[in-house]
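Novice: 475 is the number that the UniProt record's numbering gives the last residue of the sequence shown; the numbers go up by one with no jumps.
Below are the structure tokens for one structure; questions will follow.
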Amino acid sequence: MRNIATQITMLLRSKIYRATSSTFCTKSVTLETGKKKEKAETLYKRLSAFRETDGDITDTLDNWVSQGNYVKRFDIVGYVNLLRKLKKYQQANQVYEWLEKTSNKMNNSDRAIRIDLLAKTEGLESAEKYFDNLQGTAKTKKTYGALLNCYCKEKNLEKASNLFERMKELRLSSTLNYNNMMSLYLNLDKPEKVSLLAEEMEGENIIFDLYTYNQIMNSYASLKNFEAVEGVIEKMNKNKVRCDWFTFGNLAKIYTNAGLFKKANATLANLEKLENLHDREAFHILITLYAQTSNLDGVNRSWDSLKLVYEKPSNASYLVVLLALSKLGEVDALEKHYRQWESDRSHYDVRVSNVILESYLKRDMTEDAQQIFEDIVQSGAEPNTRTFESLTSYYIKQGNIDIALKYLEMGASKANSMKHKVFPNDETIRMFLQHFEEENDLDNVKKFCTCMKMIDRLDPTVYDSLLCASVSAVK
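What follows is the structure in structure tokens.
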């Protein structure tokens, strides 16, 4: 697995430090630019080499400054953005904390990001405290909005509603804030509240963006009012708002979930017709939803279109198409695409292998499934809990308790190291308990009990069942 240094270096090369010098620049300007760029890259190299086990990243920044170097806010913000993309929120927060303590370069956008980072790393209380301590001029639409977003993500309706009302009093309302409240109501299963917010927006002449329209559609879909869903599209057309791929995909998903496959396919066809369709996720949506509507031609057509844009599809794209073909029961095509992935892949992705492994198990092709498992191990990758779940579940269904326990033990060890509490699923546990109730198998009861203890799944129900099985075995 790549470490943070490698990931950041790749992102830097691809986005931040592309050559931008004009061919009309003089040599002196070019040399000066090169020196500045070299210094910035040196700081990035130092920061990128930092690992979480090294302690506090601010020490690296302090050392850099103590050597007589100057740190630009632009460089720091760029680095923080990279850390956020990599979900290294703790380090991103430390960098912003350093910037705030050592200079007065923080603007309101930075403070808004800091609120979000504090909520992610230290909790809502810390984010609230930071916001409360801001000077009056720093309490702006951005910082208020950041705190509101935190409340919405935490599904704290009371605090979100109170802050939202306060923002309206201060005339700090915005499309983004209304969108956040709409998302909150949808997440709390209160879709009827969304249309009320939409009416408020219209009354206050707050412009709807595409996300607003999609939230309104989702609210009507939750209420099974598909006529109103279509009314949203009509309103968009009336207001000359063009549907993007996300909106078409969202509408198609609504139709698919409702079983309206004909309308779903017509919507997906409109998505395909969009000009300059280059977003990988758009093709993934097409493939997935065509599979859910049992449209193999649509799946194949969308996959071919994806390959025209991305000559070498990513692991994620192969995963999407393999799942689609598996759902459709297209065994030959599934194997063909899997072999193509094996020849194309730049690195191993166990999720892709899991799809074909599960397909083989469904058809009782145990030797082929075992070969896939061996391929995963020999590749240097590690089977994940999904791999062990599939194998454990299959063999306990077949009544092969010894092999089932072998994979259960391996999976429990993996789950324990990851603090993964979902493995194994409840149905797999139920099948083990049923086996022990029917068979006098005290030795394997003990092994099973050890696995359950390892992953903290020995709850009262499991314990009572195992106790009964043990008593029966002794009798």
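Don't be surprised by glycine CBs; every beta carbon is placed ideally from N, CA and C.
Could you tell me whether any non-hydrogen atom of the ligand NAD is closer than 7 angstroms to the CB of Gly-68?
Specialist: Ligands displayed in this structure: none; no statement on the ligand NAD is therefore possible.
Novice: Alpha carbon to alpha carbon, how far is Tyr-338 from Asp-332? Give it in angstroms, no decimals.
Specialist: 10 angstroms
Novice: Hey, how far is the Cα of Leu-286 from the Cα of Gln-215?
Specialist: About 20 angstroms.
Novice: How is Arg-345 classed by DSSP in three states: helix, strand or coil?
Specialist: coil
Novice: Leaving out the 5 sequence neighbours to the left and right, which residues in its chain are closer than 8 angstroms to Ile-115 when beta-carbon positions are compared?
Specialist: Ala-127, Tyr-130, Phe-131, Thr-143, Ala-146, Leu-147, Cys-150
Novice: Taking the alpha carbon of Tyr-178 as the point to measure from, which residue in Thr-140, Ile-206, Lys-327 has its own alpha carbon closest?
Specialist: Closest by alpha carbon: Ile-206.
Novice: Here's the rule: buried if 16 or more other CB atoms are within 10 angstroms of the residue's CB, otherwise exposed. What is Arg-111?
Specialist: buried
Novice: So, is Glu-125 buried or exposed, given that buried needs 16 or more other C-beta atoms within 10 angstroms?
Specialist: With fewer than 16 Cβ atoms within 10 Å of its Cβ, Glu-125 is classed as exposed.
Novice: Whole angstroms is fine: what's the gap from Glu-382's alpha carbon to Val-194's?
Specialist: 44 angstroms
Novice: Just how far apart, CA to CA, sit Ser-353 and Met-217?
Specialist: 36 angstroms
Novice: Give me, in chain order, the residues of the same chain whose beta-carbon lies closer than 6 angstroms to that of Arg-386; leave out the 5 immediate sequence neighbours on both sides.
Specialist: Excluding sequence neighbours, Arg-386 sits near Asn-354.
Novice: If we ignore side chains and look at the alpha-carbon of each, how far apart do Arg-457 and Ala-412 end up?
Specialist: 10 angstroms
Novice: Can you list, in chain order, the residues of its chain with a C-beta nearer than 8 angstroms to that of Ala-324? Leave out the 5 residues immediately preceding and following it.
Specialist: Ile-287, Thr-288, Tyr-290, Ala-291, Val-299
Novice: May I have the straight-line CA-CA distance separating Tyr-96 from Lys-85, to the nearest angstrom?
Specialist: 15 angstroms
Novice: Leaving out the 5 sequence neighbours to the left and right, which residues in its chain are closer than 8 angstroms to Leu-223 when beta-carbon positions are compared?
Specialist: Pro-191, Glu-192
Novice: What residues in its chain sit with their C-beta under 7 angstroms from that of Phe-432, if we drop five residues either side in the sequence?
Specialist: Ile-396, Phe-448
Novice: In chain order, what residues of the same chain lie with their CB nearer than 8 angstroms to the CB of Phe-373, ignoring the 5 residues before and after it?
Specialist: Leu-357, Pro-383, Thr-387, Leu-391
Novice: Using the C-alpha atoms, what's the distance from Pro-313 back to Leu-306?
Specialist: 8 angstroms
Novice: If Val-232 and Tyr-213 are in contact, beta carbons under 8 angstroms, what's the gap, nearest whole angstrom?
Specialist: Beta-carbon to beta-carbon, Val-232 and Tyr-213 are separated by about 6 angstroms, close enough to satisfy the 8 angstroms threshold.
Novice: Nearest by alpha-carbon distance to Asn-93: which of Ile-113, Met-410, Ser-109, His-284 is it?
Specialist: Nearest of Ile-113, Met-410, Ser-109, His-284 to Asn-93, Cα basis: Ile-113.
Novice: Nearest-angstrom Cα distance between Ile-76 and Ala-138?
Specialist: 20 angstroms
Novice: Measure the alpha-carbon distance for Arg-171 versus Glu-100 and round it to whole angstroms.
Specialist: 28 angstroms
Novice: Between the region 363-373 and the region 343-352, can you find at least three pairs of beta-carbon atoms closer than 8 angstroms?
Specialist: no
Novice: His-435 lies in the alpha helix (DSSP H); which residues open and close that run?
Specialist: 426-438
Novice: Could you please give the first and the last residue of the uninterrupted alpha helix (DSSP H) stretch that includes Gln-135?
Specialist: Unbroken run through Gln-135: none, as it is neither H nor E.
Novice: Curious, which full-length beta strand (DSSP E) runs of at least 3 residues does the region 157-233 contain?
Specialist: none
Novice: Within 10 angstroms of the Cβ of Ala-316, are there 16 or more other Cβ atoms? Answer buried if so, exposed if not.
Specialist: Exposed.
Novice: Could you pull out every residue in the same chain whose Cβ sits closer than 6 angstroms to the Cβ of Arg-301, ignoring the five residues on either side in sequence?
Specialist: none
Novice: Answer yes or no: do Met-452 and Asn-416 have a C-beta to C-beta separation smaller than 8 angstroms?
Specialist: For Met-452 and Asn-416, no; Cβs fall outside 8 angstroms.
Novice: What is the DSSP secondary structure of Gln-398, counted as helix, strand or coil?
Specialist: coil
Novice: Report the CB separation of Met-182 from Ala-160 in whole angstroms; it is logged as a contact under 8 angstroms.
Specialist: Going by Cβ atoms, the distance from Met-182 to Ala-160 rounds to 11 angstroms, so no, they are not a contact pair.
Novice: In the structure shown, what three-state DSSP assignment does Gln-67 receive?
Specialist: Under the three-state reduction of DSSP, Gln-67 is assigned to coil, being neither helix nor strand.
Novice: Tell me whether Met-106 sits in a helix, a strand or coil according to DSSP, three-state version.
Specialist: coil
Novice: What are the start and end residues of each continuous alpha helix (DSSP H) run of 4 or more residues lying completely inside the region 287-326, in chain order?
Specialist: 296-309
Novice: Label Lys-238 either buried or exposed according to how many other C-beta atoms from any shown protein chain fall within 10 Å of its C-beta, with 16 as the threshold for buried.
Specialist: exposed
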